[in-house]
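Notes follow the structure.
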Amino acid sequence: MDVLGNVAEVREQIRQACEKVDRNPEDITIIGVTKYVTIDRAEALLNAGINNLAENRLEGFREKHEKLGYDVKWHFIGSLQSRKVKDMINDIDFLHSLDRKSLAKEINKRATKVIPCFVQVNASGEQSKHGLAVEDAVDFIKSLANFENIRVVGIMTMAPLVDEEQTIRNTFRKVKQLRDEVAAKQWAHAPCDFLSMGMSNDFTIAIEEGATHVRIGSSLVGSNQ
Ligand SMILES: *Cc1c(COP(=O)(O)O)cnc(C)c1O
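Per our numbering, the sequence shown starts with residue 3, numbered consecutively.
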C-alpha cells in the first residue's frame, strides 16, 4: 500500500476539483479516516502530512489516540451514544455527529472545554443514515445557544449510496444551502463556517459543491489490513 502515492493522488484530485470551481485547495482540510486500518497505516498517513485523522468507534479512537503521540487533530465521525461521551469528549478536536438534544446535553455536561461540533444531517432521507432532517436543523442549532461548551462549527452529511452523480450533487447542494442559512444568522454559538462532506467515492463532487472538510478512508489507506 503506497500511502504516500495515495495522498499525492488525492491532493491532485482536490486541486483539479478546486480549479473547476475557482476555489483554493488550501481551504480544503483532508481528514484521513483510519477506522479500517491499524496503527502502522495511520502513522504512514501522518508521515505523508495528513495530521487530521478520524475514527468512528470509541475503541478504535482510544487505541490510536493513545499510541499516536504526534500533533494529531482528532475527528470523531461515528454516531455517538450518550453514555460514551465522558470517555472521549475531551480528547477529540472535532465531533462530526451531533444529531440530537440529549447528546448535546451530555457533551455540555462532560466537556471541560468548548467542543467544536458539526451538526449531522441526513439529506438523502435514507433510513440507514443518522442525522437530523434538513428541515429540522436550523431550529435544532438555534436551541443549542445556551450550551456553553458546544460550538457549531459546521454541518456534516453523507451522500446517498447511489450511482447518479446528479443525485449526490443535489444532496450536497442542499446541505451547502443549509450551512449558508445558518451562517447568515451570525449566531455566536454557531459560526457554521465549515461543511464536512465527501468520502472516497464522492469527494471531488463535494468540493465542487462547497465542502471544506473531506473525510477520506479507503482511497488513502485502503479498507483492510
Ligand atoms: C468510513 C467513513 C468515511 C470514509 O469512507 P471511505 O469511503 O473509505 O472514504 C467518511 N465518513 C464517515 C462518516 C465514515 O464512517
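The beta-carbon is built from N, C-alpha and C at its ideal position, and this holds for glycine as well. Nothing here was measured: the structure is a model prediction, and the numbers come from that model.
Legend entry - Reduced DSSP category for T214 - H, G, I as helix; E, B as strand; rest coil: On the sequence shown, position 212 is the one that residue 214 refers to. Of the three classes helix, strand and coil, the one that applies to T214 here is coil, per DSSP.
Legend entry - Chain-ordered residues, beta carbon under 5 Å from a heavy atom of ligand 1: V35, N58, I79, M201, S202, R217, I218, G219, S220
Legend entry - Local conformation of P118 per DSSP, three classes: In the sequence shown, residue 118 corresponds to position 116, counting from 1. The answer is strand: DSSP assigns P118 an E or B state.
Legend entry - K75 - DSSP class collapsed to helix/strand/coil: Working through the sequence shown from its first residue, we reach residue 75 at position 73. K75 falls in the strand class under three-state DSSP.
Inset, instruction - Run the CB neighbour count on N92, radius 10 Å, all protein chains shown included, and call it buried at 16 or more, exposed below. - result: On the sequence shown, position 90 is the one that residue 92 refers to. Result: exposed.
Inset, instruction - Assign I152 to one of three DSSP states: helix, strand, or coil. - result: Here residue 152 refers to the residue found at position 150 when the sequence shown is read from its first residue. Here I152 sits in strand by DSSP.
Inset, instruction - Under the assumption that C119 contacts V154 (Cβ atoms under 8 Å), give the Cβ distance between them as a whole number of angstroms. - result: Taking the first residue of the sequence shown as position 1, residue 119 is located at position 117. Taking the first residue of the sequence shown as position 1, residue 154 is located at position 152. Indeed, because the Cβ distance is near 6 Å, the residues count as touching under 8 Å.
Inset, instruction - Measure the Cβ-Cβ separation of K178 and L197 and say whether it is below 8 Å. - result: Sequence index remark: in the sequence shown, residue 178 carries index 176 (1-based). Sequence index remark: in the sequence shown, residue 197 carries index 195 (1-based). Taking 8 Å as the Cβ cut-off, K178 and L197 qualify as a contacting pair.
Inset, instruction - Quick one: using the 10 Å Cβ neighbour count with 16 as the cut-off for buried, is V23 buried or exposed? - result: For this step, residue 23 is matched to residue 21 along the sequence shown. By the 10 Å Cβ count, V23 comes out exposed.
Legend entry - Three CB pairs or more closer than 8 Å across the region 55-69 and the region 8-21: no
Legend entry - Per-residue burial, R85 [other beta carbons within 10 Å of its own, 16 or more giving buried]: Here residue 85 refers to the residue found at position 83 of the sequence shown. By the neighbour-count rule (16 or more Cβ atoms within 10 Å), R85 is not buried but exposed.
Inset, instruction - Kindly indicate which three-state DSSP category H98 falls into: helix, strand or coil? - result: Here residue 98 is taken as the residue at index 96 of the sequence shown, counted from 1. Reduced to three states, the DSSP call for H98 is strand.
Legend entry - Alpha carbon of I117 to alpha carbon of H67, nearest angstrom: Position 115 of the sequence shown, counted from the first residue, corresponds to residue 117. Position 65 of the sequence shown, counted from the first residue, corresponds to residue 67. If you take the alpha carbons of I117 and H67, they lie about 17 Å apart.
Legend entry - Contact set for L100: own chain, Cβ-Cβ below 7 Å, skip 5 residues either direction: Working through the sequence shown from its first residue, we reach residue 100 at position 98. Cβ neighbours of L100 beyond the five flanking positions: A106, C119, F120, V121, Q122.
Legend entry - As assigned by DSSP and simplified to three states, the class of I157: Taking the first residue of the sequence shown as 1, we reach residue 157 at position 155. Three-state result, I157: strand.
Legend entry - the region 137-150 contacting the region 162-169, beta-carbon criterion three pairs below 8 Å: no
Legend entry - Pairwise C-alpha distance: K103 and D195: Start at 1 with the first residue of the sequence shown, and residue 195 comes out as number 193. Start at 1 with the first residue of the sequence shown, and residue 103 comes out as number 101. If you take the alpha carbons of D195 and K103, they lie about 21 Å apart.
Inset, instruction - Output the residue ranges of the beta strand (DSSP E) runs that lie fully inside the region 31-97 and measure 3 residues or longer, sorted by chain position. - result: 31-35, 54-57, 75-78
Inset, instruction - Would you mind working out which of F142, A50, G219, F63 sits nearest M90, comparing C-alpha positions? - result: As a first step, residue 90 must be located in the sequence shown, where it is residue number 88. Per the Cα distances, F63.
Legend entry - Distance between I218 and A44 (C-alpha atoms, nearest Å): Taking the sequence shown and counting its residues from 1, the one referred to as residue 44 is at position 42. Taking the sequence shown and counting its residues from 1, the one referred to as residue 218 is at position 216. Cα to Cα, A44 sits roughly 12 Å from I218.
Inset, instruction - Note the first and the last residue of the continuous beta strand (DSSP E) segment covering L197. - result: Within the sequence shown, numbered from 1, the residue matching residue 197 stands at position 195. 196-198 is the extent of the beta strand (DSSP E) around L197.
Inset, instruction - Pick helix, strand or coil for V123, following the three-state DSSP scheme. - result: One-based indexing of the sequence shown puts residue 123 at position 121. V123 falls in the strand class under three-state DSSP.
Legend entry - Contact set for K37: own chain, Cβ-Cβ below 6 Å, skip 5 residues either direction: One-based indexing of the sequence shown puts residue 37 at position 35. Excluding residues within five positions, the ones whose Cβ falls inside 6 Å are E57, N58, G62.
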